[in-house]
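Q: If you scroll down you'll find the structure; I have some questions about it.
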Amino acid sequence: MAVDKTMLDAFLGGYKFYIDDMKNKNITGEYYDEVERLYKRIEELGQECSDMNEFYAKMQNENITVKMSDAYTRALTEEGNKKYMPKDGEIPDDSQLFKNNIDAMRNCIKSLRDSYEDSLKKATESQRMRIMVESNPEDLIKSIEDMIALAEEPGMTYANFLRIQIERGLDKVVEGVVTRKSIEYWIEAKKALMEPEIEIKVLEEKLEEYNKEASKNKFNIVDTHVWNLISDRIERKHQAEIIKRDKIYDLFHKIISDLGFWSIAHCPFAPTDVAPWSMMGNLELAKADIEKTKAIYPGIIREYEKLLYRYFGLRLKDVIRDEKFIHLIKSNYVDDSQELIEHLLLDVYPQCKPFNTLPNDIIEKRSAMYKGNRERNPLRNEPYMRMKRYYNSKFGEGYMEKYMEEIGQKDVDVNTAKVNSSAAPWDLATFIQHTEGKIAEPDLNETFVDNSASAKVDEAASAIKEKAGGFFSFFKR
298 MAVDKTMLDA FLGGYKFYID DMKNKNITGE YYDEVERLYK RIEELGQECS
348 DMNEFYAKMQ NENITVKMSD AYTRALTEEG NKKYMPKDGE IPDDSQLFKN
398 NIDAMRNCIK SLRDSYEDSL KKATESQRMR IMVESNPEDL IKSIEDMIAL
448 AEEPGMTYAN FLRIQIERGL DKVVEGVVTR KSIEYWIEAK KALMEPEIEI
498 KVLEEKLEEY NKEASKNKFN IVDTHVWNLI SDRIERKHQA EIIKRDKIYD
548 LFHKIISDLG FWSIAHCPFA PTDVAPWSMM GNLELAKADI EKTKAIYPGI
598 IREYEKLLYR YFGLRLKDVI RDEKFIHLIK SNYVDDSQEL IEHLLLDVYP
648 QCKPFNTLPN DIIEKRSAMY KGNRERNPLR NEPYMRMKRY YNSKFGEGYM
698 EKYMEEIGQK DVDVNTAKVN SSAAPWDLAT FIQHTEGKIA EPDLNETFVD
748 NSASAKVDEA ASAIKEKAGG FFSFFKR
C-alpha cells in the first residue's frame, strides 16, 4: 500500500526542483545522474511505504536529503569550474593554479546566487516560497568565503592552502553545513508532524553526536566518512527496537483488520453493500465467499495471535497499552473509530473462534455501526492538517493551498475539514477505562472440533453401511 498521494506530492515538490534546475542549465554528468537516481528512489519509497511515518524513517536512514543537496551543489560547482581548467597540453604553475582555484570559488559563489535568483524567477508561486527557505545559498556561500579568506592570507602558498584545507576539513565544509541543517530540519519536521518518539530520539542523538564531533574542528564540521560511521552506529543501536515495534503493530493491525472483515461478513447486507462482495456481480458467488470468510478467518486470526505471543510474549491487551499504539491514538494515525475498535475487542474478539459465528445481538450492533457511518476515525485527516500547518509556517502562509492548486488537487480548510464519519473523536482516557481488564485471553493451544460436521459424517457413514448391508456382513465373516 503506497503513501497517500496528496501527502507524497507535497513532499516531492521541493526535490523536483533540483532536477528541473539542472535541466534548464544543461548540466549533465555523474552528479546529475545521482540527483535523478535519488529522486527516483524517493518515488519508489512512496510506493513501498504504507504511511508517512515509514516513508520519513527510510528517507532519513538512506540519508537522501543530504546526498541530493550535496550532488546538486557539486554539480553547480563543477559547472562553474570548467572555465578555469587548463587547456589541453598546458601545464600551469602553482601560482596560476592558486589563482584559478580562488577565481573558481568566487565563480561558484556567483553561480549559486545566480542559480538561486534564476530558480525564483522560473518557479511557481508555491515553489518560490519553498526555495526561499530550503535553497537559500547564503550558508553555503559563507563556507566558501571562509576558504577564500584563508587563500588570501598574507604569504599563503598554494601548497600550504591545500594542506591547511585538508587538515581543517575546509574541503568538507559545504557537506557539513548541509548535513547539520538536514538533521535539524528533520527533527523540527517530525516533532511538528507528531512522528514516533523513537524516530525523533534517533535524530536528536545524531545531532548531539554531530555537534560533539564538529567541536573538534576549527570550522565546526565533520568529515563525511566519519559522520557516515557515526550515523550508522546510532541507527544500528535503535534498529532492533524499531523493527520489533513495527512487527508487533503489523500483527496487531492484521488481527484488528480481520476481526472487522469477519464481523461485517455476518451482516445481512454484506453481499450487496460491502466491498468486495458487492462488486462481484453475482449474488450467489458473493454469498459463497462470505461463508468462506466466516469459516476461515477465525483460524487465521488465531495464528496471528500465536505469532504475537510466541515471538514477542504479547496478547492484544498488551499491545493496546504499548507506547506505539498510544502514540497512534494521540496523533490520529488510527484509521478506525474508537467505537469500532472497542466493539471489535470487547464484543467480536471473544466470539471469534473456529467453527463459531456471531450472535444476533452483536451482528445488530455491528450493522448499526456500519449503517450509521461510525466506523472511521473522524479526525483521520489531522496528520495532513498538521503537515499543512507546518509547511505554511515553514514556507509562508498559503503555501499548501497554492501547491495543491498548482498540482490540480482540491485543498481542505484546516479549521473546517472533517472526515466523512459520524463517530466521536478518539478519547484515550475513556478507551483505557472501557478496555482495562476486559480484553479476552483465549487459550492459544486450544483445539477445535466441528461437532456438527462430525455428526453429519457419522450419519452419512451409517446410511452407507445400511445400504451396503450384506457387503459389510461378508467382511465380518
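According to this note's numbering, the sequence shown holds residues 298 to 774 in order. Note that CB positions come from ideal geometry on N, CA and C, so glycine has one too. Bear in mind the structure is a predicted one, so any value in this text is a computation, not a measurement.
#1: In three-state terms, what does DSSP make of ARG673?
#2: DSSP three-state call for ASP724: helix, strand or coil?
#3: Compare the C-alpha of VAL716 against each of PHE728, LEU641, GLU501, VAL631 and name the closest.
#4: Check the DSSP bridge columns for ASP633 and list the partner residues they point to.
#5: Considering only the alpha carbon of each residue, which of GLU602, TRP559, ALA583 lies closest to PHE549?
#6: With a threshold of 8 Å, are at least 3 pairs of Cβ atoms found where one atom belongs to the segment 645-665 and the other to the segment 736-747?
#7: Helix or strand or just coil, what does DSSP make of LEU490?
#8: Check the C-beta distance from GLU481 over to LYS487 and give it rounded, since I have them as a contact under 8 Å.
#9: Nearest to MET453 by CA position, among ASP391, LEU373, PHE314, ASN321, is which residue?
#10: Classify ASP619 as helix, strand or coil using the three-state DSSP reduction.
#11: Are the Cβ atoms of ALA562 and ARG683 separated by less than 9 Å?
#12: Please list the segments of the alpha helix (DSSP H) lying wholly inside the segment 401-461, counting only runs of 4 or more residues, in order along the chain.
#13: Between ALA726, LYS627, GLN730, which lies nearest to MET491 when the distance is taken from Cα to Cα?
#14: State buried or exposed for GLU327, treating a residue as buried only when at least 16 other CB atoms are found within 10 Å of its CB.
#15: What's the call for TYR369, buried or exposed, on a 16-neighbour Cβ count within 10 Å?
#16: So the alpha helix (DSSP H) SER554 belongs to, where does it begin and stop?
#17: With a Cβ-Cβ cutoff of 9 Å, do TYR696 and ARG427 count as a contact?
#18: Is VAL716 helix, strand or coil when you go by DSSP?
#19: If you draw a straight line from the alpha carbon of ASN657 to that of ARG663, how long is it in whole angstroms?
A: If we stick to the structure as given:
#1: Note: ARG673 maps to strand in three-state DSSP.
#2: For ASP724, the three-state secondary structure derived from DSSP is coil.
#3: Out of PHE728, LEU641, GLU501, VAL631, VAL631 has the C-alpha closest to the C-alpha of VAL716.
#4: According to DSSP, ASP633 bridges with ARG673.
#5: The residue with the shortest Cα to Cα distance from PHE549 is GLU602.
#6: With a cut-off of 8 Å, the segment 736-747 and the segment 645-665 count as touching, because enough Cβ pairs lie within range.
#7: Per DSSP, reduced to three states, the secondary structure at LEU490 is coil, with no helix or strand assignment.
#8: Wrong, their Cβ atoms sit about 11 Å apart, outside the cutoff.
#9: Of the listed residues, the one whose Cα sits closest to MET453 is ASP391.
#10: When secondary structure is reduced to three states using DSSP, ASP619 falls in the coil class, being assigned neither helix nor strand.
#11: Their beta carbons are not under 9 Å apart, which means ALA562 does not touch ARG683 by this criterion.
#12: 422-431, 435-448, all fully within the segment 401-461.
#13: The shortest C-alpha separation from MET491 is found at LYS627.
#14: Counting the other Cβ atoms within 10 Å of the Cβ of GLU327 gives fewer than 16, which makes it exposed.
#15: Its Cβ being crowded by 16 or more others within 10 Å, TYR369 is buried.
#16: Looking at the DSSP string, the run of the alpha helix (DSSP H) that includes SER554 is 521-561.
#17: For TYR696 and ARG427, yes; Cβs fall inside 9 Å.
#18: The three-state secondary structure of VAL716, taken from DSSP, is coil.
#19: Across the structure, ASN657 and ARG663 are spaced so that their CA atoms are roughly 10 Å apart.
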